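Peer 1: For the working numbering, add 211 to where a residue sits in the sequence shown, where the first one is 1. Glycine included, every Cβ here is placed at the ideal spot set by N, Cα and C. This structure is a prediction, so every number in the text was calculated from the model and none was measured. Take a look at this one; I'll ask things after.
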Amino acid sequence: MEHERPGEFDLIRTYFAPLASDPGSLGLTDDASVYHPRPGYELVLTKDMLAANVHFFSDDPPEAIAAKALRVNLSDLAAKGAVPRAYLLGLGLSDDWTAQWLERFACGLSGDQAAFDVTLVGGDTIRSGSGLQISITAIGEVPDGTAVRRSGGAAGHVLYVSGTLGDAAAGLKERLDPGFLNNLGLTDDDQKHLLHRYLLPQPRVALTGSIRSFASASMDISDGIFADARHLAKASGVDLEIEIGALPLSPALRKIQGADKDLAMVCLGGGDDYEILCLVPSDATEAFEASAADASIAVSRVGTAVAGEGAVRLLQDGQPLGVGQLHGFRHF
212 MEHERPGEFD LIRTYFAPLA SDPGSLGLTD DASVYHPRPG YELVLTKDML AANVHFFSDD
272 PPEAIAAKAL RVNLSDLAAK GAVPRAYLLG LGLSDDWTAQ WLERFACGLS GDQAAFDVTL
332 VGGDTIRSGS GLQISITAIG EVPDGTAVRR SGGAAGHVLY VSGTLGDAAA GLKERLDPGF
392 LNNLGLTDDD QKHLLHRYLL PQPRVALTGS IRSFASASMD ISDGIFADAR HLAKASGVDL
452 EIEIGALPLS PALRKIQGAD KDLAMVCLGG GDDYEILCLV PSDATEAFEA SAADASIAVS
512 RVGTAVAGEG AVRLLQDGQP LGVGQLHGFR HF
């Protein structure tokens, strides 16, 4: 009930102060926190906003909503080779929030703080008139001068992706239209895998050292491989040639591909993968692959950078693949 909900400062003290373990956060009792990077390190900052019924469903578990909001930010840090350290949380609560919901939301943050060794250092909470909104600013560290940008690639560098692609987009289709996947020969376990990949992305934090040591350009895949490859190509001033058969697919997505190739292509470009897309100089590929294996992260060679100005070409067995214009997720 409305009168049973804590006020703003009780809310902070009860749910969020326990998450603020860094001494500089002062238990969230001051107007701002003080954060000290380690000597010889510089900060990498990123922000992603999530809105109900755009990036998640209002009836998703609160723990999962919290974890996704944090993880998509950690994914950006990982792509820069930055080790996550802390984050700021902006929370716009809709009028129907409850203390129980907020407790579960904070539990989701607490679990991921432990999993990824990060801590809350501040934020703000407001009433939202347009549904739940979450804004996180994540803070990471890299040794001075070692952050990996999108712009360092060159012709001859090899294009890699981590993990598998298209699972989250397929999971979203099932979430929007329950039973959609039943007609494609997928088992219950396949469907659970796809739904889980949409609900809870896995930021490749373990790959940060490999990216920092060997990648010339890097970003995470949030809007789909085809759209984000164009961003990487334009930033580096190269064209990218992607071998479509080399794109890594989970067993579940391979079943979708076997039933409907066009649908599989749509899923591949659908976004929400939060995998790493990076370029590696050809003389560093073996070392990069070995480093990724040591980190227990699968990486796949999927293409090559060639001279150009930002185009992306899809190939099948080395030949141009005519699939029309492929777009990723668009906000506007």
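1. Please go through the same chain and pick out, in chain order, the residues whose beta-carbon is closer than 7 Å to the beta-carbon of Tyr409, but skip the five residues on each side of it.
2. For Leu464, which option in Ile487, Asp401, Ala438, Gly480 has the closest C-alpha, if you only look at C-alpha atoms?
3. How about Arg423 and Val359: are their beta carbons less than 9 Å apart?
4. Would you kindly check if the distance between the Cβ of Cys478 and the Cβ of Ile487 is under 9 Å?
5. Where do the ends of the beta strand (DSSP E) carrying Leu451 lie?
6. In the DSSP output, which residue or residues are listed as bridge partners for Gly303?
7. According to DSSP, simplified to helix, strand and coil, what is Val436?
8. Can you tell me whether Ile508 is helix, strand or coil according to DSSP?
9. Taking all protein chains shown into account, do 16 or more other C-beta atoms lie within 10 angstroms of the C-beta of Phe220, making it buried, or fewer, making it exposed?
10. From Ala297 to Thr330, what distance separates their C-alpha atoms?
11. In the structure shown, what three-state DSSP assignment does Arg249 receive?
12. Please return the same chain residues whose Cβ sits closer than 7 Å to the Cβ of Asp335, not counting the five positions on each side in sequence.
13. What residues in its chain sit with their C-beta under 7 Å from that of Tyr226, if we drop five residues either side in the sequence?
14. Helix or strand or just coil, what does DSSP make of Glu352?
15. Grouping DSSP H, G and I as helix and E and B as strand, with all else coil, what is Gly481?
16. Alpha carbon to alpha carbon, how far is Ser447 from Glu520? Give it in angstroms, no decimals.
17. Val491 and Ser373 - do their beta-carbons sit closer together than 9 Å?
18. So, for Asn284: in the same chain, excluding its five sequence neighbours on each side, which residues have a beta-carbon less than 6 Å away from its beta-carbon?
19. Between the Cα of Ala470 and those of Ala503, Ala428, Asn394, spot the shortest distance and give me the residue it belongs to.
20. In whole angstroms, give me the CA-to-CA distance for Thr515 and Asp307.
21. Quick one: what does DSSP say Leu525 is sitting in, helix, strand or coil?
22. Beta-carbon within less than 6 Å of Arg216's beta-carbon, same chain only, minus the 5 sequence neighbours each way: which residues are those?
23. Going straight from the alpha carbon of Ala504 to that of Asp431, what length do you get?
24. Who are Pro531's beta bridge partners in DSSP?
25. Have a look at Thr496, Ser493, Gly356 and flag the residue whose alpha-carbon is nearest the alpha-carbon of Pro250.
26. Expressed to the nearest angstrom, what Euclidean distance is found between the alpha-carbon atoms of Ala290 and Leu320?
27. Look at the alpha carbon of Asp421 and the alpha carbon of Ser286, and state the distance between them as a whole number of angstroms.
28. Apart from the five residues on each side of it in sequence, which residues of its chain come closer than 7 Å, Cβ to Cβ, to Ile455?
29. May I ask you to report which of helix, strand or coil DSSP gives Ala516?
30. Of all the alpha helix (DSSP H) runs that stay within the bounds of the segment 347-422, which reach a length of 4 or more residues?
31. In three-state terms, what does DSSP make of Lys279?
32. Name the residue from Cys489, Ala228, Arg512, Glu497 whose alpha carbon lies nearest to the alpha carbon of Ser362.
33. Just how far apart, CA to CA, sit Gly333 and Ala498?
34. Is the beta carbon of Gly364 closer than 9 Å to that of Leu443?
35. Expressed to the nearest angstrom, what Euclidean distance is found between the alpha-carbon atoms of Ser433 and Ser339?
Peer 2: Checking against the coordinates, here is how it stands:
1. Ala379, Gly382, Leu383, Arg386, Asp483
2. Asp401
3. yes
4. For Ile487 and Cys478, no; Cβs fall outside 9 Å.
5. 449-454
6. Ile337, Gln344
7. The displayed chain sequence assigns Ile, not Val, to residue 436. Three-state DSSP puts Ile436 in a helix.
8. coil
9. exposed
10. 5 Å
11. DSSP places Arg249 in coil when its eight states are reduced to three.
12. Gly301
13. Leu313, Glu314, Ala317
14. strand
15. coil
16. 8 Å
17. no
18. Thr257, Asp259, Ile347, Ala349
19. Asn394
20. 50 Å
21. strand
22. Ala310
23. Each residue's Cα considered, the two are about 19 Å apart.
24. Leu526
25. Gly356
26. Taken atom to atom, the span from the alpha-carbon of Ala290 to that of Leu320 is near 21 Å.
27. For the record, residue 421 in the displayed sequence is Ser; it is not Asp. Taking the straight line joining both Cα atoms gives about 14 Å.
28. Leu525, Leu526, Gln527, Leu532
29. Ala516 sits in a strand when the DSSP states are folded into three classes.
30. 378-387, 399-410
31. helix
32. Cys489
33. Whole-angstrom Cα-Cα distance: 39 Å.
34. yes
35. Approximately 25 Å, taken between the alpha carbons.
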